[in-house]
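Those sequence lines, one after another, are chains A and B. Going by our numbering, the residue at position 141 of the first sequence is 134; the numbering climbs one at a time, nothing skipped. Going by our numbering, the residue at position 28 of the second sequence is 21; the numbering climbs one at a time, nothing skipped.
Number of protein chains: 2
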Amino acid sequence: MGENIGRVVENKQIILKGYIEGAPKETDMELKLGKKMKLEAPKGSGAFLVKNLYLSCDPYMRARMRDFHGSYLPPFVPGSVVEGFGVSKVVDSDNPNFKPGDIVSGFTGWEEYSLIYKPEQLRKVQPDTIPLSYYIGLLGFTAYVGYYEICAPKKNEYVFVSAASGAVGQLVGQLAKLHGCYVVGSAGTSQKVDLLKNKLGFDEAFNYKEEPDLDAALKRYFPQGIDIYFENVGGAMLEAVLLNMRVHGRVAICGMVSQHSMTDPQGIRNLFNLITKRVRMQGFLQSDFLHLYPKFLEDVGCLYKQGKITYLEDISEGLESGPSAFAGLFSGKNIGKQVVCVAHE
Amino acid sequence: MGENIGRVVENKQIILKGYIEGAPKETDMELKLGKKMKLEAPKGSGAFLVKNLYLSCDPYMRARMRDFHGSYLPPFVPGSVVEGFGVSKVVDSDNPNFKPGDIVSGFTGWEEYSLIYKPEQLRKVQPDTIPLSYYIGLLGFTAYVGYYEICAPKKNEYVFVSAASGAVGQLVGQLAKLHGCYVVGSAGTSQKVDLLKNKLGFDEAFNYKEEPDLDAALKRYFPQGIDIYFENVGGAMLEAVLLNMRVHGRVAICGMVSQHSMTDPQGIRNLFNLITKRVRMQGFLQSDFLHLYPKFLEDVGCLYKQGKITYLEDISEGLESGPSAFAGLFSGKNIGKQVVCVAHE
Chain A
-6 MGENIGRVVE NKQIILKGYI EGAPKETDME LKLGKKMKLE APKGSGAFLV
44 KNLYLSCDPY MRARMRDFHG SYLPPFVPGS VVEGFGVSKV VDSDNPNFKP
94 GDIVSGFTGW EEYSLIYKPE QLRKVQPDTI PLSYYIGLLG FTAYVGYYEI
144 CAPKKNEYVF VSAASGAVGQ LVGQLAKLHG CYVVGSAGTS QKVDLLKNKL
194 GFDEAFNYKE EPDLDAALKR YFPQGIDIYF ENVGGAMLEA VLLNMRVHGR
244 VAICGMVSQH SMTDPQGIRN LFNLITKRVR MQGFLQSDFL HLYPKFLEDV
294 GCLYKQGKIT YLEDISEGLE SGPSAFAGLF SGKNIGKQVV CVAHE
Chain B
-6 MGENIGRVVE NKQIILKGYI EGAPKETDME LKLGKKMKLE APKGSGAFLV
44 KNLYLSCDPY MRARMRDFHG SYLPPFVPGS VVEGFGVSKV VDSDNPNFKP
94 GDIVSGFTGW EEYSLIYKPE QLRKVQPDTI PLSYYIGLLG FTAYVGYYEI
144 CAPKKNEYVF VSAASGAVGQ LVGQLAKLHG CYVVGSAGTS QKVDLLKNKL
194 GFDEAFNYKE EPDLDAALKR YFPQGIDIYF ENVGGAMLEA VLLNMRVHGR
244 VAICGMVSQH SMTDPQGIRN LFNLITKRVR MQGFLQSDFL HLYPKFLEDV
294 GCLYKQGKIT YLEDISEGLE SGPSAFAGLF SGKNIGKQVV CVAHE
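What follows is the structure, encoded as structure tokens:
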């Protein structure tokens, strides 16, 4: 596998400098040389050592950059390495279920090499014709469970997706189209809008930054109203959507990216429409649906191989590019899923 | 039946003077003598004439007092009679399904006599040992469908009810107790708190007006968090509850009384907890569940006759007391269901 087991390396790491307020900045993190590390899995530890290949940049990580313990994941430790989803290659192993050369996907560190003591947080990947990086972030699993399990979609319904060219939105929109729905997406640049319409097959798309009145924009694209809103941004867009929901509509709450950046998030108005339109609004995490992961891999893997779905990635090269790539999520810099390539193999 | 068919009366009516802003005031409505009216159902009309006995004061009626057509019911017409739920007695009928002497429950006018052209908006009531006024507002049907159909309750869950001594809240709390849940209610006076604990069987109750920090109050009553929140008030209480929901909790959105009174409702913060706790928040109207009405009548009627539930009413005497009784809803004047008695029979 090309790695010299037992070699001592200075493991490069991305460190969170301290807890942050507002939107993450590149300078909130820094590249450091870790303590000298022997490339091996300690005997008797049950652990295995991986070389990280691809790291996922996800908005939820922002929530771990503050000193709040009530959430579903604990905060990062300032001065310590950032954690996230990744695709990695096993280099050495003291765990019988993982062998050198195995490709794994799951929780890892933002560093060149990680020693994994919680093997249940990773799954083995069987590489095939799908690019390895796609296995990051569970290959759109959030979109899959959000759409099918939370939105309760029916054919011919009117579906709106915000942050539609992002990691989750792009797949939600394509699944909804394949399912027979009318799909409109919003994004923040004309380039993204063009991709949504011409590459991802959305029926319509618009640049929310060019719409002074989001309510009016939604009424233009959905004169009949919205059955399903896949919510990725929060704030003013959510408020405008609430005014345009149809009776018995569903709102899947996934991102609220815009709210991550605020210590004191603004309130959401227009919730009264939840009653008048009998709307169900539901937050979810893909981790509650892991029993569906094999079905997802089969379904979506198959659609991808058949060329029925497209997956846009924005890959930044090198571990050192991580802080800037992550910060870019919050200003909409990325087009498609933001990935950091640490090593190609 | 004591009514002289064919007699001409000056039908007293409660009129909405004009569209309103803010909380309803007694002076927004007035008592008027209607046009002279012959006490009969016109031949060939298919209509029937009722004498109104009890009228229901419901917060949703506030929404019909403004010039907004996007809701599930059209606005009232200024200068015309107010409409709402009531229990009435048929006086004369040109409809074969309704006979003089029948007691009916459903949509009627805030007036002494109403000519009913939409018989599908009323149902016949079979009077038994349950007081007639209880059949107003579908006898707590909103509480029944909200609790069983929207909250998806399980035994031993932690249930919080706001406006708990109100028409809906009092029954939600009692149903939840009978179902084996731990139930806490909030109300706005110490008298109401006392009723909740000592008459309605809530495990705990508190006066929200005496709690400077609602989040802290909820943490005191629900150290383990809240599984089910039956939302009747909106605003600051909803925000505080969102901070205290348990994983996979449910919020049934029923009232938001506090928001009815505002032309520009304030926003609700803390919705991010919908994701981290995977909470489902759902608005509903009892009218979507009318297929369950017979089952409800049997279930709740039976519980009432067995003395297993208590139903608190606040009855104001005389049609002329209607405007004041209705306005009182919005300052929490009523204890239990607010009813206007127009005539005893």
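Glycine included, each C-beta is placed from N, C-alpha and C at the ideal position. Quick caveat: nothing in here was measured; it's all calculated off a predicted structure.
Contact between A/Ala318 and A/Gln331 is confirmed by a C-beta separation of about 6 Å, below the 8 Å threshold. With distances taken between CA atoms, B/Tyr304 lies nearest to B/Leu193 out of B/Gln217, B/Leu193, B/Asp292.
Distance check between B/Gly315 and each of B/His337, B/Gly159, B/Gly(-1), B/Gln6 places B/Gln6 closest, using alpha-carbon atoms only. With a cut-off of 8 Å on Cβ pairs, the segment 147 to 160 of chain B is in contact with the segment 215 to 234 of chain B, counting three or more such pairs.
Note on B/Thr20: under 16 other CB atoms within 10 angstroms of its CB, so exposed under the neighbour-count rule. Looking only at B/Glu313, B/Tyr175, B/Pro205, the smallest Cα-Cα distance to B/Asp196 is reached by B/Tyr175. When C-alpha distances from A/Asn(-3) are compared across A/Gly11, A/Ala34, A/Lys28, A/Ala16, the shortest belongs to A/Ala34. Rounded to whole angstroms, the gap between the alpha carbons of A/Ser86 and B/Gly178 is 55 Å.
In the DSSP assignment, B/Gln6 falls within the unbroken beta strand (DSSP E) covering 1 to 9.
If you draw a 10 Å sphere on the C-beta of B/Pro17, you find 16 or more other C-beta atoms in it, and that means buried.
By the 16-neighbour rule on beta-carbons within 10 angstroms, A/Arg273 is buried. Using a 10 angstroms sphere on the CB of B/Gln167, the tally of other CB atoms reaches 16 or more, which defines it as buried. The residues Phe134, Tyr137, in chain order, have a CB closer than 6 Å to that of A/Phe289 in the same chain once the five nearest residues on each side in sequence are set aside. Within the DSSP secondary-structure output, A/Asp85 pairs in a beta bridge with A/Leu42. Counting other Cβ atoms within 10 Å of its Cβ, A/Ser158 reaches 16 or more and is therefore classed as buried. With respect to chain A, the C-beta atom of B/Tyr65 has a partner C-beta closer than 8 Å. For the pair of segments examined, the segment 38 to 50 of chain B was found to touch the segment 77 to 86 of chain B: the number of CB pairs separated by less than 8 Å reaches three. Remark: C-beta atoms of A/Leu267 and A/Pro52 do not approach each other more closely than 8 Å. For A/Arg57, there are no neighbours in chain B by C-beta distance under 7 Å, as the nearest C-beta there is about 11 Å away. Nearest in C-alpha terms to A/Asn237, of all of A/Ile261, A/Cys247, A/Ala209, is A/Ala209. Taking C-beta separations shorter than 6 Å and ignoring five residues to either side along the sequence, the partners of A/Asp95 in its chain run Val83, Lys117, following chain order. For the segment 259 to 272 of chain B, residues whose beta-carbon sits nearer than 9 Å to a beta-carbon of chain A comprise Gln259, Gly260, Ile261, Arg262, Asn263, Leu264, Phe265, Asn266, Leu267, Ile268, Thr269, Lys270, Arg271, Val272. Any Cβ of chain B closer than 8 Å to the Cβ of A/Asp281 would place that residue at the interface, and such an atom is present. Distance between B/Asn225 and B/Asn327, taken at the CA atoms: about 15 Å. No Cβ of chain A is located within less than 8 Å of the beta carbon of B/Ile221.
From the beta-carbon of B/Ile246, the residues of chain A found nearer than 7 Å are Leu267, Ile268. Scanning its chain for C-beta atoms nearer than 6 Å, with the 5 sequence neighbours on each side dropped, one finds around B/Tyr110 the residues Ala40, in chain order. Per DSSP, the beta bridge partners of B/Leu26 are B/Lys5. Taking a C-beta distance under 8 Å as the contact criterion, B/Tyr141 and B/Ala169 do not qualify as a contact pair. Closer than 7 Å at the C-beta level to chain B, one finds no residue of the segment 126 to 150 of chain A.
Contact between B/Lys298 and B/Thr101 does not hold, since their C-beta atoms are separated by about 26 Å, which reaches or exceeds 8 Å. Taken through DSSP and simplified to helix, strand or coil, B/Ile129 comes out as helix. For B/Lys190, the enclosing alpha helix (DSSP H) covers residues 183 to 191. Those residues of the segment 273 to 307 of chain B placed with their C-beta closer than 7 Å to a C-beta in chain A are Arg273, Met274, Gln275, Gly276, Phe277, Leu278, Asp281, ordered along the chain.
The beta carbon of A/Arg59 sits closer than 7 Å to the beta carbons of Tyr12, Ile13, Pro68 from its chain, once the five residues preceding and following it are set aside; these are given in chain order. B/Asp208 sits in a helix when the DSSP states are folded into three classes.
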